[in-house]
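Numbering (the numbering used here), first residue to last: 6 to 513.
Think of the CB as a built atom: it goes at the ideal place given N, C-alpha and C, for glycine as much as any other residue.
Below is one structure, written out as structure tokens, with a few remarks after it.
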Amino acid sequence: MTLPEEHYKETYSLLKAIDKNKIATWLLEEGYFPEQNILPPSFKVDNFVLKNVPYISDLKNQPRRNLDCVSYPKSFLTSRVYGIQHPHNYHDIVYWLIQDWTNIIDHIFNNDNLIYTYSIPIPVNAKNKGELSPLRSGRLIYEWIEMAERDLVAEAHRFKVLIRTDIINFYNSIYTHSIGWALHGREIAFSDKDCKLIGNKIDKLVQYANDSKTNGIPVGSAVSDLIAEILLAKIDQNVSLRLKNEKIAFLGTRFKDDYRILANKEEEAKKILSILSEELHKFNLLISENKTQILYLPEGLFRHHNREYFPYSLRKKNRISFKSFEFTLLKVLDIHKEYPGTSIIEKFLSELFDKNYSLKLYFSNNLKVRKKEILKTFSLLFLLKRESEKIVCYVMTIIEVIYLMNNGKYNLKKYLRGIIELGIKKASEKKSVFEIIWYIFFSRYIQLGVTLSPLIDPTLKENLLLKSMIASRQKIFSDSGIKLFKKPKDCHDNILAKQLAVFNRSKE
């Protein structure tokens, strides 16, 4: 048995061992909002429980609702829009999934499937079978991808070429009717005019949560990730069966819409891509030609930016001096500029914490030098954020620890308040609601006393997520009866490093 197949079967076994009511609770409480690096801990579900009946009884005559959205930068020029569904629609999707949970899991882990997924959104716990991890993800996204790639490396000696490809604009391209196609078959789903089938029920609920649109599912929730797995599992199964009939040897892995497939010949690799493209097209999805490669092994097995960074990695360091931090940060910037769009900056920042969530970075014992090093660290972190806005949660987390340990000695509050106010102003100028939300949260979380009104473009304040943060009370889906927000000053259950999944290194 190959390592990807072992991973696949272990995940299936662990999922089957978990009571479906625990799954439902986790999907409602932990899976509703996007992962913890997207929105700060103020956006937290408090009293969301699975009801005995769905909120929406008539799926053909339900209210049209809109998503609440925040734009999250993927790179310098591109952003991903995360959408949050009305809790009633979200609840009912969970309700119907759980009603048919055994069949849903068996569908995703079909025995005919030879393309092995590494992106099941539910955090199974191998050390405690039957239980779930409370965090959205036990690993960072880049770690899951690297895990899949490492497993492929162990099997690569049996093959000659590697296929790398993904799907164009995947979540926004999903046709909601195709959820029913994937679960029941296209003709059967089409003939179900009364929405009796689970797939068609989910289709309607997703549609009407997004102004009755049939193109696209909201990015961010665990339920959306689960729907994506339902759809891609069917496509992967179809591809696997066709390749088996063609007697083409291959080994495939997938993380969300990102495929890595080993094959023996370039001609066979082209055939695999052709079949994958045809099966995707049946579900109104397209392969990204710009990101598709056929590489001769060992090329493509190891990412260039990881190879560049490996000699400088701080992961195994117990303590990190300021000088080592500074030098490594500058090297990471060089690598980032050479290989833009990777997660190398996030990887570097996550290595500054140990498995106990303690910051490994230390400063000089000389009080004067120590203060300079602290201020330089703050400055370097914000300069790094300019290169990748999405690391703002990492920056806030590191600064929190340094601030709490040193504010009493150096009165860092005024200096840090100035940085945050400037950050809010600049974020407002470039219309980055995502950054403003994090800055306001952090300023109130550690009580910096930032004055907001003159800093924020009034037009941005219409965003209900931002409006919630400014008002410090829930403004999103206030008609739902579900508590979705808590004040930043009430988010001190743990330091941010423990609250955010991006620093969970327990599985290394």
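Option in the options with minimal Cα separation from residue i
i      : options                           : result
Glu283 : Asn243, Ser183 and Arg308         : Asn243
Leu82  : Leu64, Gly185 and Glu392          : Glu392
Met474 : Tyr450, Gly486, His497 and Ser485 : Tyr450
Asn52  : Glu331, His96, Ile404 and Thr464  : His96
Gly204 : Lys466, Ile280 and Asp105         : Asp105
Tyr121 : Asn42, His310 and Glu234          : Glu234
Lys134 : Ala274, Ala22 and Ser483          : Ala22
Glu136 : Glu11, Ser326 and Thr30           : Thr30
Lys206 : Asn94, Lys492, Ile172 and Leu291  : Asn94
Lys287 : Asp241, His112, Pro39 and Cys398  : Asp241
Pro345 : Pro316, Lys376, Lys360 and Asn311 : Asn311
His182 : Tyr213, Ile168, Lys56 and Lys49   : Tyr213
Leu119 : Leu248, Ser363, Gln41 and Asp462  : Leu248
Leu489 : Pro46, Lys201 and Ser329          : Pro46
Lys56  : Pro9, Lys491, Ile125 and Ile487   : Ile487
Ile125 : Ala194, His91 and Ala227          : Ala227
Ser369 : Lys472, Phe330 and Asp339         : Phe330
Ser485 : Pro68, Leu32, Met6 and Gly36      : Pro68
His112 : Lys218, Arg70 and His189          : His189
Tyr420 : Lys376, Leu236 and Lys472         : Lys376
Leu32  : Ser229, Phe353 and Ala187         : Ser229
Ile109 : Leu236, Cys200, Ser433 and Ile193 : Leu236
Tyr444 : Phe255, Gly428, Lys435 and Glu434 : Gly428
Cys496 : Phe482, Ser448 and Phe260         : Ser448
Leu210 : Ser62, Lys360 and Ile193          : Ser62
Asn361 : Asn499, Ala187 and Asn26          : Asn499
Asn115 : Glu35, Met6, Lys239 and Ser138    : Lys239
Supposed contact pair residue j and residue i - C-beta distance, whole angstroms, cut 8 Å
i      : j      : result
Ala161 : Leu300 : With a Cβ gap of about 11 Å, Ala161 and Leu300 do not count as contacting.
Lys88  : Leu64  : A quick correction: the sequence has Gly, not Lys, at residue 88. About 20 Å separates the two Cβ atoms, so there is no contact after all.
Arg320 : Glu273 : With a Cβ gap of about 37 Å, Arg320 and Glu273 do not count as contacting.
Ala530 : Phe164 : Examination of residue 530 is not possible in this model, given that the chain is present from 6 through 513 alone.
Val455 : Ile425 : 6 Å
Ile184 : Asp208 : 5 Å
Lys49  : Lys503 : Between Lys503 and Lys49 the Cβ distance is about 14 Å, and since that is not below 8 Å, they are no contact.
Residue i vs residue j beta-carbon contact at 8 Å
i      : j      : result
Ala153 : Tyr123 : yes
Arg324 : Tyr367 : yes
Tyr264 : Thr170 : yes
Pro59  : Tyr100 : yes
Leu389 : Ile350 : yes
Ile442 : Val75  : yes
Ile266 : Ile277 : yes
Gly221 : Ile43  : no
Lys430 : Leu457 : no
Phe327 : Glu378 : yes
Leu505 : Cys398 : yes
Pro493 : Ser477 : yes
Ala131 : Glu10  : no
Ile98  : Ile28  : no
Lys480 : Leu465 : no
Thr402 : Leu501 : yes
Ser196 : Asn289 : no
Leu167 : Leu306 : yes
Ser437 : Glu394 : yes
Leu291 : Ile172 : yes
Ile396 : Leu364 : no
Asp117 : His12  : no
Leu471 : Arg422 : no
Phe482 : Pro92  : yes
Gln90  : Pro223 : yes
Thr219 : Tyr176 : no
Leu20  : Val129 : yes
Boundaries (first-last residue) of the alpha helix (DSSP H) holding residue i
i      : result
Gly88  : That residue, Gly88, is in no alpha helix (DSSP H); its beta strand (DSSP E) goes Ser84 to Ile89.
Arg422 : Lys418 to Glu434
Gly346 : From DSSP, Gly346 is part of no alpha helix (DSSP H); its letter is neither H nor E.
Asp111 : Trp106 to Ile113
Pro9   : Leu8 to Lys21
Ser448 : Val438 to Tyr450
Leu489 : Taken as a continuous stretch (DSSP letters only), Leu489 belongs to no alpha helix (DSSP H), as it is neither H nor E.
Glu34  : Lys25 to Glu34
Gly135 : Element bounds for Gly135: n/a, residue is neither H nor E.
N- and C-terminal bounds of the beta strand (DSSP E) containing residue i
i      : result
Tyr121 : Ile120 to Thr122
Phe260 : Phe255 to Phe260
Tyr317 : Tyr317 -> no beta strand (DSSP E), and no H or E assigned at all.
Asp263 : Asp263 to Ala268
Ile299 : Gln298 to Tyr301
Cβ-heavy atom distance, residue i to the ligand NAD, below 7 Å
i      : result
Thr297 : Ligands are entirely absent from the displayed structure, and the ligand NAD is therefore not among its contents.
Practice prompt. Could you tell me which uninterrupted beta strand (DSSP E) segments, each at least 3 residues in length, are contained entirely in the segment 169 to 196, listed from first to last along the chain?
Written response: none
Practice prompt. List in chain order: all unbroken alpha helix (DSSP H) runs of 4+ residues lying wholly within the segment 328 to 377.
Written response: 349 to 355
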